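Here is the structure we will look at.
Residue numbers (our numbering): 1 to 337.
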């Protein structure tokens, strides 16, 4: 009799356990179905901020909900980044359209004036003005090509040891007529021990970087630039690229983080006085088409420093800008050879 009672109790316990397991499995199955419905509703109704909230908890369901919510967060961040990139692209298209139409309209106007006038001297002057406007457009097109090439993910440069001082001298001599016309005499600072310093760079790209920095000083500076070349033991430099990338829809290095270059890096620092340093957004200085004013009335295409940032990054270096105390300072840091 006792054995039968024990057997009956075991059967009841096993039955209860089985029923409980069935209920747990059913609850989990229903919870999985509810999660699936929540995902479908999120997709169909565009509920980007919707989260998976559990009504039934278990270790597996909790991990699943956490993984899904993390993926939703990544998707939302990617969507926001894409929207920002699209907005920046649309703004750039509008800026580019303006920059193309303006010189074309000017050239067309001057050519029409040249055709209508009977004064040969005036006609020649109008044609010269038209040629100048077309040259501006050529500069824009060339800048766009250079920027597109430098921004190509597959863009690679052949690096070699390049002596910095001769490259800098060549860049400054290229613009000697412009500097001389303003009465500017650039000040070049370099310790005797660093006079023959070499960097691991692409010769053509380094020359383009130095020329663009010189042009930037000419167009936006209020006085002769001071250029300092030095070998650094450690250089905290903010790299240009990825905050820029978020706005421009391109990959790049984080624009707001500091990077300490390895000992022996070479820095080239351009500093020139500016009219109002407080109006310069140093964080945006390397953005494409940024020219420091909403009306875009300044000279140039707004691509010069963006090209500098891309080329420097392609050579394994960093570039940073600081606007303070009436001076704009741009620092390029490259690996020493």
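Yeah, the Cβ is synthetic: ideal placement off N, Cα and C, and Gly gets one too. The structure displayed is predicted, hence computed values, not measured ones.
Under the rule that 16 or more other beta-carbon atoms within 10 Å means buried, what is residue i, buried or exposed?
i           : result
residue 189 : exposed
residue 75  : exposed
residue 93  : exposed
residue 290 : buried
residue 149 : exposed
residue 9   : exposed
residue 180 : exposed
residue 302 : buried
residue 332 : buried
residue 151 : buried
residue 155 : exposed
residue 205 : buried
residue 62  : exposed
residue 183 : exposed
residue 265 : buried
residue 99  : buried
residue 119 : exposed
Could you tell me which residues DSSP puts in a beta bridge with residue i?
i           : result
residue 39  : Paired residues: none, contrary to the question.
residue 330 : 270, 321
residue 228 : 189, 269
residue 117 : DSSP lists no partner for residue 117.
residue 199 : 162, 336
Can you find the residues in the same chain that come closer than 8 Å, C-beta to C-beta, to residue i, ignoring five residues on each side of it along the sequence?
i           : result
residue 69  : 51, 52
residue 274 : 220, 221, 222, 280, 323, 326, 327, 328
residue 103 : 133, 134, 136, 137, 140
residue 277 : 323, 324, 325, 326, 327, 328
residue 342 : Look at the range of the chain in this structure, 1 to 337, and you will see that residue 342 is not part of it.
Do residue i and the ligand GTP come close, with the Cβ less than 7 Å from some heavy atom?
i           : result
residue 213 : Questions concerning the ligand GTP fall outside what the structure shown contains, since it holds no ligand whatsoever.
According to DSSP, simplified to helix, strand and coil, what is residue i?
i           : result
residue 161 : strand
residue 33  : helix
residue 86  : helix
residue 103 : helix
residue 98  : helix
residue 156 : coil
residue 382 : The question about residue 382 has no answer, for the chain in this structure spans 1 to 337.
residue 126 : helix
residue 220 : helix
residue 303 : coil
residue 183 : coil
residue 53  : coil
residue 175 : coil
residue 297 : Any reading at residue 297 needs caution, since the residue's pLDDT is 44, under 50, leaving its predicted position unreliable; the model's value is listed next. It is coil, neither helix nor strand.
residue 211 : helix
residue 275 : coil
residue 58  : coil
residue 194 : helix
residue 80  : helix
residue 137 : helix
Under 6 Å Cβ to Cβ from residue i, same chain only, skipping five residues before and after it: list those, please.
i           : result
residue 228 : 189, 269
residue 5   : none
residue 65  : 52, 54
residue 130 : 107, 110, 111
residue 271 : 226, 327, 329
With a threshold of 8 Å between beta carbons, is residue i in contact with chain D?
i           : result
residue 146 : Structure shown: chain D not included; a single protein chain is present.
Please return the same chain residues whose Cβ sits closer than 7 Å to the Cβ of residue i, not counting the five positions on each side in sequence.
i           : result
residue 311 : 150, 205, 208, 209
residue 161 : 198, 200, 337
residue 194 : 229, 230, 231
Legend entry - Inter-stretch contact (C-beta, 8 Å, three-pair minimum) for the segment 111-119 and the segment 134-151: no
Legend entry - Meets three-Cβ-pair contact criterion under 8 Å: the segment 214-228 and the segment 170-185: yes
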